[in-house]
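Colleague:
There are 2 protein chains.
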Amino acid sequence: MTATLIPVPLPQQAYSVAISSSLTDIGSLLTNPEIQTTKLGQKMVVVSNPQIWKHYGQTVVDSLEKAGFEVTHCILPAGERYKTPKSVQKIYDHALAQRLERSSTLVALGGGVIGDMTGFAAATWLRGIAVVQIPTSLLAMVDAAIGGKTGVNHPQGKNLIGAFHQPRLVLVDPNTLATLPRREFRAGMAEVIKYGVIWDRELFEELESCDRIDQLRFLAPALLTKILTRSCQAKADVVSQDEKEGGLRAILNYGHTIGHAIESLTHYRTFKHGEAVALGMIAAGHIAVELGLWSTEDLDRQQQLILKAGLPTQLPDDFPSADVADLLLTDKKVKDGKVRFILPTKIGAVTITDQVPKAAIKKSLEPMLSGA
Amino acid sequence: MTATLIPVPLPQQAYSVAISSSLTDIGSLLTNPEIQTTKLGQKMVVVSNPQIWKHYGQTVVDSLEKAGFEVTHCILPAGERYKTPKSVQKIYDHALAQRLERSSTLVALGGGVIGDMTGFAAATWLRGIAVVQIPTSLLAMVDAAIGGKTGVNHPQGKNLIGAFHQPRLVLVDPNTLATLPRREFRAGMAEVIKYGVIWDRELFEELESCDRIDQLRFLAPALLTKILTRSCQAKADVVSQDEKEGGLRAILNYGHTIGHAIESLTHYRTFKHGEAVALGMIAAGHIAVELGLWSTEDLDRQQQLILKAGLPTQLPDDFPSADVADLLLTDKKVKDGKVRFILPTKIGAVTITDQVPKAAIKKSLEPMLSGA
Ligand SMILES: NC(=O)c1ccc[n+]([C@@H]2O[C@H](COP(=O)([O-])OP(=O)(O)OC[C@H]3O[C@@H](n4cnc5c(N)ncnc54)[C@H](O)[C@@H]3O)[C@@H](O)[C@H]2O)c1
Ligand SMILES: NC(=O)c1ccc[n+]([C@@H]2O[C@H](COP(=O)([O-])OP(=O)(O)OC[C@H]3O[C@@H](n4cnc5c(N)ncnc54)[C@H](O)[C@@H]3O)[C@@H](O)[C@H]2O)c1
Ligand SMILES: [Zn+2]
Ligand SMILES: [Zn+2]
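Chains G and S, in that order, are what the protein sequence lines are. Residues 1 to 372 (UniProt numbering) make up the first sequence, in order. Residues 1 to 372 (UniProt numbering) make up the second sequence, in order.
1) Whose C-alpha, out of S22/G, S21/G, S63/G, Q51/G, is nearest the C-alpha of T31/G?
2) Whose C-beta lies closer than 6 Å to the C-beta of P344/G among residues of the same chain, with five residues either side of it excluded?
3) Mind listing the chain G neighbours of R168/S? Cutoff is C-beta to C-beta under 7 Å, in chain order.
4) Taking contact to mean 3 or more Cβ pairs, one atom from each stretch, closer than 8 Å, check whether the segment 251-260 of chain G and the segment 161-175 of chain G are in contact.
5) Using a C-beta to C-beta distance shorter than 8 Å, which residues of chain G count as neighbours of Y92/S?
6) Closer than 9 Å between beta carbons: that is the criterion. Which residues of the segment 123-145 of chain S meet it against chain G?
7) Check the Cβ-Cβ distances between G259/G and every residue of chain S, and say whether any is below 9 Å.
8) Report the residue ranges of all alpha helix (DSSP H) runs contained in full by the segment 59-129 of chain S; include only those spanning at least 4 residues, in chain order.
9) Kindly say whether K83/G, judged by its beta-carbon, lies nearer than 9 Å to any beta-carbon of chain S.
10) Quick check: is the beta carbon of K39/G nearer than 9 Å to any beta carbon in chain S?
11) What's the C-alpha gap between F341/G and P357/G?
12) Give me the residue from G280/G, F164/G, E184/G, I19/G with the minimum Cα distance to G79/G.
13) Under a Cβ-count criterion, where at least 16 other Cβ atoms within 10 Å of its own Cβ denotes burial, should D298/S be classed as buried or exposed?
14) Starting from S48/S and walking both ways along the beta strand (DSSP E), at which residues does that stretch end?
15) Could you check whether the Cβ of E263/S sits closer than 8 Å to any heavy atom belonging to ligand 5?
16) Would A95/S and G115/S qualify as a contact pair, given that the criterion is a beta-carbon distance under 9 Å?
17) Buried or exposed, going by whether 16 or more other CB atoms sit within 10 Å of the CB of H273/G?
18) Determine the chain G residues that contact S69/S at a beta-carbon separation under 8 Å, and present them in chain order.
19) Could you name the residues of chain S that Q89/G contacts, counting a contact when the two beta carbons are closer than 8 Å?
20) If you draw a straight line from the alpha carbon of V61/G to that of R201/G, how long is it in whole angstroms?
21) By alpha-carbon positions, which one of F319/G, Q355/G, R99/G ends up nearest to D331/S?
22) Does DSSP put Q13/G in a helix, a strand or coil?
23) What separation, rounded to the nearest whole angstrom, lies between the Cα atoms of W199/S and M281/S?
24) Going by the C-beta, is L139/S closer than 8 Å to any heavy atom of ligand 4?
25) Just the C-alpha distance for I146/S and F164/S, rounded to the nearest angstrom, thanks.
26) Select from the segment 93-114 of chain G all residues with a C-beta closer than 7 Å to any C-beta belonging to chain S, and list them in chain order.
27) Could you tell me the alpha carbon to alpha carbon distance between M44/G and A360/S, rounded to whole angstroms?
28) Quick test of the definition: if touching needs 3 or more C-beta pairs under 8 Å, does the segment 127-141 of chain G touch the segment 100-107 of chain G?
29) Closest to S28/S by CA distance: which of E65/S, L10/S, V8/S is it?
30) Closer than 8 Å is the cut-off here; do at least three beta carbon pairs connect the segment 210-226 of chain G with the segment 174-189 of chain G?
31) Taking I306/G as the reference, which of A236/G, V113/G, K194/G has the closest Cα?
32) If we call anything under 9 Å between Cβ atoms a contact, is I35/S one with S16/S?
33) Could you tell me which uninterrupted alpha helix (DSSP H) segments, each at least 4 residues in length, are contained entirely in the UniProt domain "3-dehydroquinate synthase C-terminal" (188-334) of chain G, listed from first to last along the chain?
34) Ligand 3 heavy atoms versus the CB of D143/G: any closer than 8 Å?
35) Comparing the C-beta of K244/G with each C-beta of chain S, is any distance below 9 Å?
36) Since F164/G sits in a beta bridge, which residues does DSSP pair it with?
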C-alpha cells in the first residue's frame with residue numbers, strides 16, 4: 001500500500017484523505033488503527049449507482065470482506081434528479097433490513113450525488129453512523145467528498161435538506177477516473193483551477209506547465225496524483241480552518257456566485273456545474289480587474305487555463321445577462337441588498353467583498369457574450 | 001420577567017432552560033443578548049399541532065411579534081403516528097415557501113412529538129438552522145426538549161431517523177400543563193421520579209413529601225416549579241457531561257430497558273411510554289435488590305412514589321413475561337449477548353452493569369404479574 005495521506009484535522013473528528021492508486025487498499029485503510037483510531041463496526045453497506053457499481057463495486061466489496069467486514073450493497077438510480085429524500089429513504093430501508101448498528105458504516109462509491117446522499121443517510125440514521133467516501137468523479141474527489149457537507153435536493157431547490165457529517169476516511173483512486181465521461185472530467189477540472197486561483201499558486205503553475213489538461217489520458221499518472229493531492233490539500237486546509245462555513249470556507253465559492261446564477265438562468269440544462277463555475281470565475285476575474293484588485297495579466301492566465309481544460313468561455317446567444325445582477329440581489333442569502341463576492345487579488349489569494357456595483361456585474365459578463 | 005435559568009453548558013453551543021410562568025416571556029428571552037449571544041434572524045416559524053396551537057399559539061406569536069420577529073406557523077396533525085419523514089417534509093415545504101434563511105428559527109410548541117420533528121427539521125434545513133423548544137407536556141419539559149436528540153420514526157422502528165441538534169433556548173411554562181390530559185401528566189411524572197432515583201435524592205424526597213402527585217391541581221405552583229426545575233437540572237447536568245451518549249447519558253435509560261420491552265410486547269397499545277418506564281423502574285429495582293445492590297427499603301419507597309403518581313404497577317394478565325429476557329437479548333444494541341442495565345444503588349445514584357443473569361430478569365417481572 002502506498003497511499004498519500006492528507007490529514008483533515010477537525011477538532012471533533014480528524015480524518016484522512018488517502019490518495020492511492022488501488023481501490024483494493026480500502027480494506028486495510030479501514031482496519032489500520034493509526035488511520036481509524038475509533039474502530040469501525042463489522043457491518044458495512046456500499047452505496048453506489050449501476051454504472052459505477054459495475055466498474056468498481058466488486059473490487060471494493062472484495063477488499064472490505066478480505067479485511068473482515070460484512071458487506072452488503074444498496075444501488076440507487078444515477079443522476080442529480082435522484083438526489084432526493086426518496087433515495088435516502090431507500091438507504092434507510094436497506095439499513096433497517098440489514099439491522100445496521102451505531103457502529104456500522106455506509107460507504108459511498110460514486111460521484112458527488114452518491115456521496116452527498118450517502119453522507120446524509122449516515123448523518124441521520126440512528127442519529128449518525130460512520131460514512132466513508134470513495135469518490136469516483138474528479139469533482140467528488142477534489143471537492144464533494146471532503147468537508148462533511150451532505151444533503152439532498154428539495155423539488156424547488158438544490159441541497160436545501162442536509163447536515164454536516166464528516167467522513168471517517170476519503171479514498172481517492174485516480175484510476176477510477178478512467179471510466180468517467182470526458183465532459184465530467186473537464187467539469188471537475190474547473191474546481192481544480194479554482195483551488196489554483198484561490199489558494200495554491202504552485203498548483204496553478206503546475207496546470208499551466210501541462211500540455212493538455214482536457215482529458216485524463218494527457219496527464220501522466222504522477223502528475224495526476226500531484227494535481228489531486230494539491231487540490232484535496234487545498235480543500236482540507238480550508239475546511240479544517242472553518243468547518244461550518246462561518247468565514248474562510250466562503251472562498252470555496254469563488255466563481256460560484258455568478259456560476260450559480262448562470263446555472264439557474266439556463267435552467268440547469270446548458271452547463272454542467274463545473275462549466276458554470278468556469279464562466280463564473282471568468283466573470284469574477286473581470287470584476288476583480290475592474291475594481292483594481294487583480295491584474296489583467298493574471299486574468300488572462302486564468303482564461304488560458306480554462307480554455308486549455310476544454311471548459312466553456314462563452315455564454316449562449318440568448319443568455320439574459322441583464323438578469324444576473326437582479327437574480328443575485330434577490331437571492332435569499334443576500335443581506336441588505338449586498339451580494340458577497342470572492343475576488344482574486346493574485347494567483348493563489350482572494351479577498352471577500354460585498355462592494356461590487358451592479359454595473360460591474362453586468363459588465364463582467366460582456367466578454368462572454370457571443371460576438372464579444 | 002421572572003424566569004429561572006438553568007444553563008446547559010455544552011461546548012459547541014451553550015443554552016438555557018428557562019422556567020417561567022408566562023409564555024409571553026418568549027419574545028424577550030430570545031432578544032436578550034445575554035441569553036442569545038448569537039442574535040437570531042428575523043424569520044420564525046412556530047410548529048405545533050391543532051390542540052396545542054388553539055390554546056397557546058396566539059400568545060406565543062404575539063410575544064414573538066412584539067419582540068420584532070416575523071412569524072408564521074406550520075400546524076401538523078397530532079400524534080406519534082405522524083412523527084414521520086412526511087411531516088418533516090411539510091415543515092420543509094413551509095420553510096421553502098417562507099424563504100427561511102440560515103439565520104431563521106423554528107419554534108417547537110408542543111409535546112415530545114412536535115419537539116422531535118421540529119428539531120429534526122431544523123437540524124437538516126439548510127444544513128442546520130436554529131430551533132427553540134417550548135415544551136407543553138410534562139414529559140417534553142423534563143426530558144424530550146432538553147439535550148438535542150431529534151428525530152422521527154421509520155415505519156418499522158421508533159426514532160431510527162434523527163440527528164443531534166441542540167436548541168437555542170428551552171422555555172418551560174408550568175401553566176401550559178393545565179390543559180394536558182391527566183394520563184399524560186402521570187406518564188411524565190414517571191420521568192420525574194426517574195431523576196429522583198438516578199440523580200437527585202432531594203427531588204425524590206420532595207415528591208415523597210407531597211400528598212398527591214397524580215394530578216396537576218394537587219401541586220402548588222411553587223412546588224411544581226421546584227419539581228420542574230430540579231428535573232430539568234438533572235437532565236441538563238447529565239447531557240452536558242455527555243452530549244452524544246458515549247457514557248453517562250446512558251443512566252437516563254433507567255427503567256427504559258425493560259420499559260421498552262414492555263412497550264414492544266404490548267405493541268405500544270397498552271401503556272404510555274411513561275407508564276412502561278414506571279414498570280421498568282420497578283423491574284430494575286427488583287433486579288438491583290436481587291443482585292444485592294439496592295435495599296428493599298428504597299425499592300419500596302420507589303414503589304410508593306409510583307403508586308402515588310397514579311402510574312401502573314401491574315402488567316396485563318396475558319403479558320408474556322417469559323419473552324422479555326429473549327427480546328432484550330436479541331435487541332440490536334446488545335453486544336455479545338449482554339444487556340446493559342442501569343441499576344440503583346441508593347436513592348439518587350445508579351450503576352451500570354451488563355452482569356444481570358437471565359433468570360433475574362424474569363424474576364423481576366413476577367411482582368408485577370396479576371395474582372402476585
Ligand atoms: N458535499 C459537497 O461539499 C459538494 C461539493 C460540490 C458538489 N457537490 C454535489 O455533487 C454533485 C455533483 O457531483 P458529480 O459531478 O460527481 O456528479 P455525479 O455524482 O452525478 O457524477 C456525474 C456522472 O458521472 C458518473 N460517474 C461518476 N464517477 C464515474 C466513474 N468513475 N466512471 C463512470 N462514471 C462515473 C455518474 O454516474 C454521473 O452520471 C452535485 O449534486 C453537487 O451538489 C457536493
Ligand atoms: N428527544 C428526546 O430526548 C426525547 C425524550 C423522550 C421522549 N421523546 C419523544 O417524545 C415523544 C413523546 O412526548 P409526549 O409524551 O410529550 O407526547 P406527545 O407530544 O404526543 O404529547 C402527548 C399528547 O398530549 C398533547 N399535549 C401536549 N401538551 C399539551 C397541552 N399543554 N395541552 C393539551 N394537550 C397537550 C399532545 O397533543 C398529544 O396528544 C415520543 O415521540 C418520544 O420518542 C424524545
Ligand atoms: Zn462547485
Ligand atoms: Zn423516557
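Don't be surprised by glycine CBs; every beta carbon is placed ideally from N, CA and C.
Modeller: Taking the geometry as given:
1) Ranking S22/G, S21/G, S63/G, Q51/G by Cα distance to T31/G puts S63/G first.
2) Here P344/G has V197, A288, W294, V350 as same chain residues with Cβ atoms under 6 Å from its own Cβ, once five neighbours each way along the sequence are excluded.
3) The premise fails here: R168/S is roughly 15 Å from chain G at the closest Cβ pair, so nothing lies under 7 Å.
4) Contact fails: fewer than three Cβ-Cβ distances are below 8 Å.
5) Per Cβ cutoff of 8 Å: H154, L160, I161.
6) Residues A123, T124, W125, L126, R127, G128.
7) Answer no: the Cβ-Cβ gap between G259/G and chain S never drops below 9 Å.
8) Entirely contained in the segment 59-129 of chain S, the alpha helix (DSSP H) runs reaching 4 residues are, in chain order, 85-97, 112-124.
9) Not one chain S Cβ lies under 9 Å of K83/G.
10) Answer no: the Cβ-Cβ gap between K39/G and chain S never drops below 9 Å.
11) Cα atoms of F341/G and P357/G: separation of roughly 11 Å, rounded to the nearest angstrom.
12) In this structure, E184/G is the residue among G280/G, F164/G, E184/G, I19/G with its C-alpha nearest to the C-alpha of G79/G.
13) With 16 or more Cβ atoms within 10 Å of its Cβ, D298/S is classed as buried.
14) Counting along the chain, the beta strand (DSSP E) containing S48/S begins and ends at 43-48.
15) In the structure shown, ligand 5 is absent; the only ligands present are ligand 1, ligand 2, ligand 3 and ligand 4.
16) A95/S is not a Cβ neighbour of G115/S, given a cutoff of 9 Å.
17) Looking at its Cβ environment, which holds 16 or more other Cβ atoms inside 10 Å, H273/G is buried.
18) Note that residue 69/S is Phe in the sequence shown, not Ser. Those within 8 Å of F69/S in chain G number zero; the least Cβ separation is about 17 Å.
19) Those are P85, listed as they occur along chain S.
20) Spanning the two alpha carbons is a distance of roughly 39 Å.
21) A check of alpha carbon separations from D331/S across F319/G, Q355/G, R99/G identifies R99/G as the nearest.
22) Three-state DSSP puts Q13/G in coil, outside helix and strand.
23) Going by the C-alpha atoms only, they are around 14 Å apart.
24) Yes; taking the cut-off as 8 Å, the Cβ of L139/S has a heavy atom of ligand 4 nearer than that.
25) Distance between the alpha carbons of I146/S and F164/S: 11 Å.
26) When C-beta distances to chain S are compared with 7 Å, the residues of the segment 93-114 of chain G below that value are L96, R99, E101, in chain order.
27) Taking the straight line from one Cα to the other gives about 35 Å.
28) Yes, the segment 127-141 of chain G is in contact with the segment 100-107 of chain G.
29) For the residues E65/S, L10/S, V8/S, the minimum Cα distance to S28/S belongs to E65/S.
30) Taking 8 Å as the limit for Cβ pairs, the verdict is that the segment 174-189 of chain G does touch the segment 210-226 of chain G.
31) The shortest C-alpha separation from I306/G is found at K194/G.
32) Their beta carbons are under 9 Å apart, which means I35/S touches S16/S by this criterion.
33) Uninterrupted alpha helix (DSSP H) stretches at least 4 residues long and entirely within the UniProt domain "3-dehydroquinate synthase C-terminal" (188-334) of chain G occur at 201-209, 221-241, 256-265, 273-290, 296-308, 322-330, given in chain order.
34) Flag set: Cβ of D143/G near ligand 3.
35) Closer than 9 Å to some Cβ of chain S, the Cβ of K244/G qualifies, so yes.
36) DSSP output for F164/G lists K149/G as bridge partner(s).
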